[in-house]
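Contents: one structure, followed by commentary.
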Amino acid sequence: MKPLYVFLLLMALLPGCSKTRTIMYDDVYFEGRHVAYDQKPEIHPEFLFPDTDDPYLIELRRHYPLDSLLEGAQSDQERVRRILNWTHQRWSHNGRQDPQGRDAISILKEAEAGGQFPCFAYAIVLRDQLLAHGMPARTLYLKTEDAARANYPPGHVATEVYLPDRKEWIFVDPQFNAMPTWNGQAMNAVKFRQLITEQNDLLDFESLSDLVTPGQYFGFVYPYLFYLDTALDNRYNQPDTPAGQKTNVMLVPLNEPPLKHIRFWDMDIDYCEYTHSIVDFYPMLD
3 MKPLYVFLLL MALLPGCSKT RTIMYDDVYF EGRHVAYDQK PEIHPEFLFP DTDDPYLIEL
63 RRHYPLDSLL EGAQSDQERV RRILNWTHQR WSHNGRQDPQ GRDAISILKE AEAGGQFPCF
123 AYAIVLRDQL LAHGMPARTL YLKTEDAARA NYPPGHVATE VYLPDRKEWI FVDPQFNAMP
183 TWNGQAMNAV KFRQLITEQN DLLDFESLSD LVTPGQYFGF VYPYLFYLDT ALDNRYNQPD
243 TPAGQKTNVM LVPLNEPPLK HIRFWDMDID YCEYTHSIVD FYPMLD
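So in our numbering, the last spot in the sequence shown is 288, and the numbers never skip.
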């Protein structure tokens, strides 16, 4: 584990580190606090991803080829950045209109017909295109600390992808065409939150768009980086999950209660296994 990451996690365990503090980036101010996670596995979840020769992914590459776009990319991070930018440009964000489909081909066809969709649609399209190009990827559902009782929509959706050349997970947000980096290296959602809390000078924001400043994006996304959940099985055309079987894993900070119900949507969260372990949530893949 990298020294900076260990330092941040140790800092989160020190007395008083859970106290709320004011965080400032650029001219944006918001409240935050340290959280900590277990470094040992708890539930040993098995994450499943399709092979690139999956029939659906072959069809996606046939309809929406990206070979010329990716030509000359020197790293997996650069490949992700290019696919991220491509995804972001497919339509304009509209949080009030959901796509009828829940896969990349369906969503992209609806977008070509004039559809404009919320964050989760960007995250699905990006996930599927990353999978189609050999990088394990998953949609990441972000929820605020007060999601159980909030009177406003307490969620956002982004994407995480495993970089084979670095053997690390990184966080990207296709709605904002955003790739947070530390010293030029993209990172996962947990490390991103920790670095925002620390107001780390090397934390940056890479984007091929000018939608928001780094401070504006950090201030927007930070509250959502508390409860994180994602699907266990990211394959296509699988049988329906048996009743009662959990489909997702939720990462919960140490000493925090599991999120069981979201008041705003009157939604029970009965589909998640819970873990405090970042080892469970961010496994090293073969």
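Just so you know, even glycine gets a beta-carbon here, dropped at the ideal spot from N, CA and C.
Taking 7 Å as the limit between beta carbons, can you name the residues of its chain near GLU44, skipping five residues before and five after?
Within the sequence shown, numbered from 1, the residue matching residue 44 stands at position 42. Closer than 7 Å at the Cβ level, and outside the excluded window around GLU44, lie THR277, HIS278, SER279 and ASP282.
Fill in: Residues that VAL174 bridges to, as DSSP identifies them
On the sequence shown, residue 174 is found 172 positions in, with the first residue counted as 1. Paired residues: THR161.
Taking Cβ to Cβ, would you say ILE198 is nearer than 8 Å to TYR224?
-> For this step, residue 198 is matched to residue 196 along the sequence shown. For this step, residue 224 is matched to residue 222 along the sequence shown. Yes. Within cutoff.
So does the segment 44-56 actually touch the segment 135-151, counting three or more Cβ pairs closer than 8 Å?
-> yes
Q.
Can you tell me where the beta strand (DSSP E) holding TYR229 begins and where it ends?
A. Locating residue 229 in the sequence shown gives position 227, where the first residue counts as 1. Unbroken beta strand (DSSP E) run through TYR229: 229-233.
Per-residue burial, ASP148 [other beta carbons within 10 Å of its own, 16 or more giving buried]: On the sequence shown, position 146 is the one that residue 148 refers to. That one is exposed.
Q | Range covered by the beta strand (DSSP E) that runs through ALA139 | A | By one-based count along the sequence shown, residue 139 stands at place 137. Taken as a continuous stretch (DSSP letters only), the beta strand (DSSP E) holding ALA139 covers 139-145.
*asked:* If contacts are defined as beta-carbon pairs under 8 Å, then TRP93 and ALA115 qualify, I think. What distance do you get, rounded to the angstrom?
replied: In the sequence shown, counting from the first residue as 1, residue 93 sits at position 91. In the sequence shown, counting from the first residue as 1, residue 115 sits at position 113. That belief does not hold up - the Cβ atoms of TRP93 and ALA115 are roughly 10 Å apart, past 8 Å.
Go to PRO182, then tell me how far its beta strand (DSSP E) extends in each direction, as first and last residue. Your numbering for residue 182 matches position 180 in the sequence shown. Residues 181-184.
Next on the checklist: Per the DSSP calculation, VAL251 is bridged to which residue(s)?
Outcome noted: Your numbering for residue 251 matches position 249 in the sequence shown. VAL251 is bridged to THR232 and GLU275.
**Prompt:** How about VAL1 and ALA125: do their beta carbons lie closer than 8 Å?
**Reply:** Because residue 1 is not part of the residues shown, which for the chain are 3 to 288, the question remains open.
(Q) To the nearest angstrom, how far is the alpha carbon of GLN201 from that of PHE266? (A) Against the sequence shown, residue 201 aligns to sequence position 199. Against the sequence shown, residue 266 aligns to sequence position 264. About 31 Å.
Exposure of THR22, with buried meaning 16 or more beta-carbon neighbours within 10 Å: Counted from its first residue, the sequence shown places residue 22 at position 20. Label assigned to THR22: exposed.
Requested in this report: Can you check DSSP and say which residues form a bridge with PHE32?
Outcome: In the sequence shown, counting from the first residue as 1, residue 32 sits at position 30. Paired residue(s): ILE25.
Original post:
Going straight from the alpha carbon of TRP88 to that of HIS46, what length do you get?
Top reply: By one-based count along the sequence shown, residue 88 stands at place 86. By one-based count along the sequence shown, residue 46 stands at place 44. Spanning the two alpha carbons is a distance of roughly 34 Å.
How would you label ASP268, buried or exposed, when you count the other beta carbons within 10 angstroms and need 16 or more for buried? As a position in the sequence shown, residue 268 is number 266, starting the count at 1. Counting Cβ neighbours within 10 Å, ASP268 comes out exposed, since fewer than 16 surround it.
| Beta-carbon proximity list for ALA191, same chain, < 8 Å, skipping 5 on both sides | Translated into positions along the sequence shown, residue 191 becomes position 189. So the qualifying residues of the chain are LEU142, LEU144, ALA160, GLU162, PHE173, LEU227 and LEU230.
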